[in-house]
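The block underneath contains the structure these notes are about, expressed in structure tokens.
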Amino acid sequence: MKLAVYGVGLIGGSFSLALKKAGRVGEVVGFGRSEKTLIEAKNLGIMDRMGKDEDIGNADLILLATPVGQMPEIMKRISPLLGSHTLVTDAGSTKGDVVQIAREMLGEKLGQFVPAHPIAGGEKSGPTAAQASLFKGRKVVLTPLPENSSGSVARVRKIWEACGAAVSEMSPDEHDEVFAAVSHLPHLLSFALVHDIAERENRDLLLSFAASGFRDFTRIAGSSPEMWRDICLSNREALLVELERYMTELDVIRQALSEKDAKKLEEIFSEARTVRNGWTPQ
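For the sequence shown, my numbering gives the first residue as -3, with consecutive numbering after it.
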């Protein structure tokens, strides 16, 4: 299989390394905005060479692993170049906006695009963060389109499974609602807390006493600002709904604190602990 990867960082790089390890890819060509990054990815064995436009037509699969904000330009560029057998998938954390972009940019070739979202990653980015085992045992969500053939969806499913992932399916709208609650909101809150501390005059003092609780809660604030800017804006409607719900919850806690309502606080904390301890992350 010939694979073309746009964005050879953590996700795109790991995808390539996983398929290389599984013996499922013959050649990997990489595309990106930075020649330095592409050279680094080549030296790390992520890709075999820098891609050219003529590589699009005979590629078996194209992975778009860039921030969502870069996808309109990329899809517009590759649309006239796509071969009839070439499939395109992505790794975007939002799906409704990506699908809309694909409808506008890919036109009659929309059926060759099978949207996906690997539930894997980390606060580190770039080619050096890539690892062949990143998707092993992790979930990947496909959000197939009515225009996709069953064969195309099956091909993309098998490719992600070759990376070690457990693949499931849902609609783009359901996907965005789910991940606004369990992924996008936590990142927004983590960024907000660190920013609040950073804006204080005594931030150095505060950070000098911050321990494991602060570290664990804010780990994801070390993620890519560009990527999470795009994610928050792309999924803003669902995210605003979740933010309002969270603010309502904070109001309940604030009232309990104000009224010294120990029973209410313990009730909230106990239910949260029960659910958290009963949750087993995949």
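Where is the CB? At the ideal position from N, CA and C, for every residue including glycine.
On a Cα-Cα basis, can you pick out the residue from the options that is closest to residue i?
| i | options | result |
| --- | --- | --- |
| G117 | G8, D49 and K16 | G8 |
| F76 | R199, I52, L83 and Q127 | Checking the sequence, you will find Pro at residue 76 rather than Phe. With distances taken between Cα atoms, P76 lies closest to I52. |
| S89 | V149, V174, G22 and G79 | V174 |
| P63 | R151, K259 and L6 | L6 |
| A177 | E233, E197 and N198 | E233 |
| L34 | P123, S146, K105 and Q127 | P123 |
| L239 | S30, P182, V4 and E23 | P182 |
| E100 | L201, R73 and F27 | R73 |
| A125 | I264, S30 and A37 | A37 |
| R225 | D257, I193, E262 and L184 | L184 |
| G19 | I155, S146 and K259 | I155 |
| F131 | S10, S164, R199 and S80 | S10 |
| C228 | D172, F265 and A206 | D172 |
| R153 | D86, A128 and K260 | D86 |
| A366 | V271, V4, A268 and R269 | Lying outside -3 to 278, the shown extent of the chain, residue 366 is not represented and no answer is given. |
| A0 | V95, M46, F205 and R211 | M46 |
Tell me which residue opens and which closes the alpha helix (DSSP H) that residue i is part of.
| i | result |
| --- | --- |
| L202 | R199 to F205 |
| V84 | Element bounds for V84: not the alpha helix (DSSP H) but the beta strand (DSSP E), L83 to D86. |
| K72 | M67 to I74 |
| A14 | L6 to K17 |
| V282 | Past the edges of the chain, shown from -3 to 278, lies residue 282, and the structure says nothing about it. |
| A37 | E31 to N39 |
| H171 | P168 to F175 |
| R272 | A258 to G274 |
| A194 | L181 to A194 |
| I155 | S146 to A158 |
| D51 | E50 to G53 |
Rounded to whole angstroms, how far is the Cβ of residue i from the Cβ of residue j, which I believe are closer than 8 Å?
| i | j | result |
| --- | --- | --- |
| R134 | P111 | Incorrect: roughly 17 Å between the Cβ atoms, too far for contact. |
| A61 | Y2 | 6 Å |
| M(-3) | V25 | Actually they are not in contact, since the Cβ atoms of M(-3) and V25 sit about 12 Å apart, beyond 8 Å. |
| L83 | S148 | 6 Å |
| L78 | K48 | Actually they do not touch by this definition, with Cβ atoms about 15 Å apart. |
| H180 | L235 | 5 Å |
| G107 | S145 | 6 Å |
Between which two residues does the beta strand (DSSP E) harbouring residue i extend?
| i | result |
| --- | --- |
| K105 | It is not in any beta strand (DSSP E) - K105 carries neither H nor E in the DSSP assignment. |
| V137 | K135 to L138 |
| S219 | That residue, S219, is in no beta strand (DSSP E); it is neither H nor E in DSSP. |
| E165 | A162 to E165 |
| K(-2) | K(-2) to Y2 |
| V24 | E23 to F27 |
| P114 | A112 to P114 |
| I293 | Since the first and last residues shown for the chain are -3 and 278, residue 293 lies out of range. |
Taking CB distances under 8 Å as the criterion, tell me whether residue i reaches chain D.
| i | result |
| --- | --- |
| A177 | Among the chains in the structure shown there is no chain D, since it carries only a single protein chain. |
Examine the ligand MN and report whether any of its heavy atoms sits within less than 7 Å of the Cβ of residue i.
| i | result |
| --- | --- |
| H113 | Annotation note on the ligand MN: not contained in the displayed structure, which lists no ligands. |
For the structure I just gave you, are there three or more beta carbon pairs, one from the stretch 139 to 146 and one from the stretch 47 to 58, closer than 8 Å? no
Is it the case that the stretch 152 to 171 contacts the stretch 78 to 94, given that we only count it when at least three CB pairs across the two stretches are under 8 Å? yes
May I ask you to verify whether the stretch 10 to 28 touches the stretch 152 to 160, counting CB pairs closer than 8 Å and requiring at least 3? yes
Decide yes or no for the touch test of the stretch 36 to 46 against the stretch 63 to 78: beta carbon pairs closer than 8 Å, at least 3 of them. no
Between the stretch 270 to 277 and the stretch 211 to 219, can you find at least three pairs of beta-carbon atoms closer than 8 Å? no
Segment contact flag, the stretch 250 to 258 with the stretch 175 to 194, C-beta cutoff 8 Å, min 3 pairs: no
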